Structure formats: structure tokens, C-alpha cells
Amino acid sequence: MEVSADAAAAAAARTLRWAGRAGHLGGVPRAAVIGAVGTIAKAYVSLLNTTTVHNADALHRLVSSRPPGTPLLTVSNHMSTIDDPFMWGFKGFPITDSKLARCCAYGYKFWSLFGCKFLHGIFKQLHSFPEGKVAQDHQPIRRLKWGTASLIVRAPVTPIVLPIVHTGFEKVMPEKSFFGRRPPLPLCGKEIKIIVGEPVDFDLPGLKQVAAMIPQDTSFERKGWPTITPEGLDEAAQRWLYQKMSDKIQSAMESLRKTLLNLKQH
Numbered sequence: 001m002e003v004s005a006d007a008a009a010a011a012a013a014r015t016l017r018w019a020g021r022a023g024h025l026g027g028v029p030r031a032a033v034i035g036a037v038g039t040i041a042k043a044y045v046s047l048l049n050t051t052t053v054h055n056a057d058a059l060h061r062l063v064s065s066r067p068p069g070t071p072l073l074t075v076s077n078h079m080s081t082i083d084d085p086f087m088w089g090f091k092g093f094p095i096t097d098s099k100l101a102r103c104c105a106y107g108y109k110f111w112s113l114f115g116c117k118f119l120h121g122i123f124k125q126l127h128s129f130p131e132g133k134v135a136q137d138h139q140p141i142r143r144l145k146w147g148t149a150s151l152i153v154r155a156p157v158t159p160i161v162l163p164i165v166h167t168g169f170e171k172v173m174p175e176k177s178f179f180g181r182r183p184p185l186p187l188c189g190k191e192i193k194i195i196v197g198e199p200v201d202f203d204l205p206g207l208k209q210v211a212a213m214i215p216q217d218t219s220f221e222r223k224g225w226p227t228i229t230p231e232g233l234d235e236a237a238q239r240w241l242y243q244k245m246s247d248k249i250q251s252a253m254e255s256l257r258k259t260l261l262n263l264k265q266h
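Counting from 1, position 253 in the sequence shown corresponds to residue 253 in UniProt numbering; the numbering is continuous, with no gaps.
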């Protein structure tokens, strides 16, 4: 009897989920995966390339000690396919600690099995690339997708939102290097710079109140979004809310990008 590919994938996922439990074999399988990935990231970022991190203490503080039960959502620009997990490989950051493991929103189906824990429907520690694509030029931060804002709004516990901007990973893993393709392995001898900002604050109750009073706009095509309760925010209100929040995050990231550019010139 043949086993379908979907059934095999489901079985593998169940196996990984079991292996990813903290109590399975003393947590060794989960710790091994996170440790291996973290070690590779540290080797490339801390040893094989030159990395400078500005305001790293802000990230350390929020990862290791923040108000109990409060999730952390970091957001950054997206310069290469190795940004996550490599951007966490800088000296002093506990990337190999399975208890403090971080995951990328793009890869949550895998990383949730091995270290990222849910807190009331949102990850305790999650990273997002709100631009929604890899862009290896050095243009201003692009208009952000609304997924990150949606995560913040829908989380029962509002996360701390921390912006980060980096440069240099586009040289470590260029999109078009070898015959118009990515190199088979990340490159070495490059300069990486990372700047960590300060948390972006959102007055969610106030924003939701304003959004609820937004006049109905009949000019756009409705997608049938479910209403957010208990505020009763319909699709038009949600669009306004997500755009306002995305604009604020984009502004914070752009400010960091300009600061990093000035630091590179000195």
C-alpha cells in the first residue's frame, strides 16, 4: 500500500513535533538543532566575517528579561536569504540557547517544532521581515506589508515591537554571484553592520477607537475579512489601522537605516 506524499509529510511533522518538545529525551533533540544552526550562524557572523552591532544591549535586555508574559516581535529589512538566522549570530547573543530561541515568521512551521513557543496564539519571540521580499539594493525601506501589523493587533498580549536594520548580508549571500545565481555557500571576509533601535510604542486602544469611526469607503474591493471583536472593526477600519501601524514601523526602520548609513561614512 503506497503512502501519499502528504501523509508522509504529516507523519514527519508529527515526529519532529514530538522531538521538539522540551521534555523529549531531556530536550536534547531540540537543543541539538538549535545549537547546530546557531553555531553555524556564529561562525559566519562572528569569525568568518567582520560584524559590528550598535545598541545590542537593547536586544539583549528584551530577549533575556522583559515583563512576564509579554511577547517580543523584532522587525528588520531583508537583504538576503540568510538574514535569519545569521543576523542573530553576532558575538554575545545567545542564539544557541534553546530556551531563548527566536524564529522567523517565514519559517515558523519548522522553527515552532524546535524552540519557538506560543503564548496565547503568538510566539514569545518572533522575527518578521515586513517588507515581504529580499531586496539587495540600498534604497529606503519599502512600503511594509500589513501582516506584521495584523500580528500585533490580533495578539491577546500586545508584543513589544523592536526594529532592527542591517547591511552586509547581501554581500555574504548575493542573489546573483555565480553565473547569475546565489553562491553554494555563504561568502566570507565581508563587513556586516547591524543597528538595533528602541521599541515602537502603539496606543492600540486609541488607534482602534479612531479606526472604528473611519467613514465607510466603497471605492475598494472588499476581500471578506472577518470583523475584529470586541471593537467591531470591519475591513475598512482594519485597513486604516494596519496602514497607520505599518507606516510607524516603516518610519522607525528608515530612521535606523539613515543612522546606519551615517555610521558607515565615519
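For each residue, glycine too, the CB sits at the ideal point set by N, CA and C.
Because the structure is a prediction, the values reported are computed rather than measured.
Exercise. Starting from residue 279 and walking both ways along the beta strand (DSSP E), at which residues does that stretch end?
Worked result: Only positions 1 to 266 of the chain appear in the structure, and residue 279 is not among them; the question remains open.
Problem set entry | Coarse secondary structure for residue 60, derived from DSSP in three states | The count along the sequence shown starts at 1 and reaches residue 60 at position 60. Looking at residue 60 - three-state DSSP - the assignment turns out to be helix.
For this session: Could you tell me the boundaries of the alpha helix (DSSP H) in which residue 128 lies?
Result: Numbered from 1 along the sequence shown, position 128 holds the residue referred to as residue 128. Counting along the chain, residue 128 falls outside any alpha helix (DSSP H), though it belongs to the beta strand (DSSP E) covering 125 to 128.
Exercise. When the Cβ atoms of the region 156 to 172 are set against those of the region 187 to 201, are three or more pairs found closer than 8 Å?
Worked result: yes
For this session: Consult DSSP for residue 150 and reduce its assignment to one of helix, strand or coil.
Result: As a position in the sequence shown, residue 150 is number 150, starting the count at 1. Residue 150 falls in the helix class under three-state DSSP.
Problem set entry | Anticipated Cβ contact below 8 Å, residue 70 with residue 160, distance rounded | The sequence position of residue 70 within the sequence shown is 70, counting from 1. The sequence position of residue 160 within the sequence shown is 160, counting from 1. About 6 Å separates the two Cβ atoms, so the contact holds.
For this session: Compare the beta carbon distance of residue 231 and residue 208 with 8 Å and say whether it is the shorter of the two.
Result: The residue given as residue 231 occupies position 231 in the sequence shown. The residue given as residue 208 occupies position 208 in the sequence shown. In contact: residue 231 and residue 208 (Cβ atoms closer than 8 Å).
Exercise. If you draw a straight line from the C-alpha of residue 80 to the C-alpha of residue 147, how long is it?
Worked result: The count along the sequence shown starts at 1 and reaches residue 80 at position 80. The count along the sequence shown starts at 1 and reaches residue 147 at position 147. Straight-line Cα distance between these residues: approximately 20 Å.
Exercise. Tell me which same chain residues have a C-beta within less than 7 Å of the C-beta of residue 254, skipping the five on either side of it?
Worked result: The residue labelled residue 254 in the question sits at position 254 within the sequence shown. Only 140 and 141 meet the Cβ criterion.
For this session: To the nearest angstrom, report how far apart residue 223 and residue 238 are at their CA atoms.
Result: Reading the sequence shown from its first residue, position 223 is the one you call residue 223. Reading the sequence shown from its first residue, position 238 is the one you call residue 238. C-alpha separation (whole angstroms): 12 Å.
Problem set entry | Simplified DSSP assignment, three categories, for residue 199 | As a first step, residue 199 is located in the sequence shown; it is residue number 199 there, counting from the start. The answer is coil: DSSP assigns residue 199 none of H, G, I, E or B.
Exercise. Is the region 35 to 55 in contact with the region 85 to 97, if contact means three or more CB pairs nearer than 8 Å?
Worked result: yes
Exercise. Would you report the Cα separation of residue 121 and residue 179, rounded to the nearest angstrom?
Worked result: Within the sequence shown, residue 121 is the residue found at index 121, counting from 1. Within the sequence shown, residue 179 is the residue found at index 179, counting from 1. At residue 121 the pLDDT is 47, less than 50, meaning the model places this residue with poor confidence; the figure from the coordinates comes in the next sentence. Their Cα atoms are separated by approximately 43 Å.
For this session: Measure the alpha-carbon distance for residue 95 versus residue 40 and round it to whole angstroms.
Result: Start at 1 with the first residue of the sequence shown, and residue 95 comes out as number 95. Start at 1 with the first residue of the sequence shown, and residue 40 comes out as number 40. Cα to Cα, the separation comes out at about 10 Å.
Exercise. What three-state label does DSSP hand residue 163 in the structure shown?
Worked result: Working through the sequence shown from its first residue, we reach residue 163 at position 163. In this structure, residue 163 counts as strand in the three-state DSSP scheme.
For this session: Consult DSSP for residue 181 and reduce its assignment to one of helix, strand or coil.
Result: Numbered from its first residue, the sequence shown carries residue 181 at position 181. Strand at residue 181.
Exercise. Is residue 107 buried or exposed, if buried means 16 or more other CB atoms sit within 10 Å of its CB?
Worked result: The residue labelled residue 107 in the question sits at position 107 within the sequence shown. Note that residue 107 scores a pLDDT of 49, beneath 50, so its modelled location is shaky; the value from the coordinates is reported in the next line. Exposed, by the Cβ-count rule.
Exercise. Mapping DSSP to helix, strand and coil, what is residue 50?
Worked result: Locating residue 50 in the sequence shown gives position 50, counting from the first residue. Residue 50: strand per DSSP, three-state reduction.
Exercise. DSSP on residue 204, reduced to helix/strand/coil?
Worked result: Counting from 1 along the sequence shown, the entry for residue 204 is found at position 204. Residue 204 falls in the helix class under three-state DSSP.
Exercise. On the premise that residue 210 lies in contact with residue 163, defined as a C-beta separation below 8 Å, what is that separation, rounded to the nearest angstrom?
Worked result: By 1-based counting over the sequence shown, the position of residue 163 is 163. By 1-based counting over the sequence shown, the position of residue 210 is 210. So it is not a contact: roughly 23 Å between Cβ atoms.
Problem set entry | Residue range of the beta strand (DSSP E) that includes residue 72 | As a working mapping, residue 72 is identified with position 72 in the sequence shown. Residue 72 -> beta strand (DSSP E) spans 72 to 76.
Exercise. Buried or exposed: which applies to residue 114, given that a residue is buried once 16 or more other Cβ atoms fall within 10 Å of its Cβ?
Worked result: Sequence index remark: in the sequence shown, residue 114 carries index 114 (1-based). Residue placement at residue 114 is poorly supported in this model, since its pLDDT is 44, which falls under 50; the coordinates still yield a value, given next. Counting Cβ neighbours within 10 Å, residue 114 comes out buried, since at least 16 surround it.
Exercise. To the nearest whole angstrom, what separates the beta carbons of residue 250 and residue 143, a pair I think is in contact under 8 Å?
Worked result: The residue you call residue 250 lines up with position 250 of the sequence shown. The residue you call residue 143 lines up with position 143 of the sequence shown. Confirmed, about 7 Å.
Exercise. Does any C-beta atom of chain B lie closer than 8 Å to the C-beta of residue 242?
Worked result: Absent from the structure: chain B. Only one protein chain is present.
Exercise. On the premise that residue 245 lies in contact with residue 149, defined as a C-beta separation below 8 Å, what is that separation, rounded to the nearest angstrom?
Worked result: By one-based count along the sequence shown, residue 149 stands at place 149. By one-based count along the sequence shown, residue 245 stands at place 245. 4 Å between Cβ atoms; contact.
Exercise. Which residue or residues does DSSP assign as beta-bridge partners of residue 249?
Worked result: To locate residue 249, count along the sequence shown from 1; it is residue 249. According to DSSP, which records beta bridges pairwise, residue 249 is partnered with nothing at all.
For this session: With a cut-off of 8 Å on the beta carbons, I'd call residue 92 and residue 36 a contact; round off their distance for me.
Result: The residue you call residue 92 lines up with position 92 of the sequence shown. The residue you call residue 36 lines up with position 36 of the sequence shown. Between residue 36 and residue 92 the Cβ distance is about 19 Å, and since that is not below 8 Å, they are no contact.
For this session: State the beta-bridge partners of residue 233 as determined by DSSP.
Result: Position 233 of the sequence shown, counted from the first residue, corresponds to residue 233. DSSP lists 228 as partners of residue 233.
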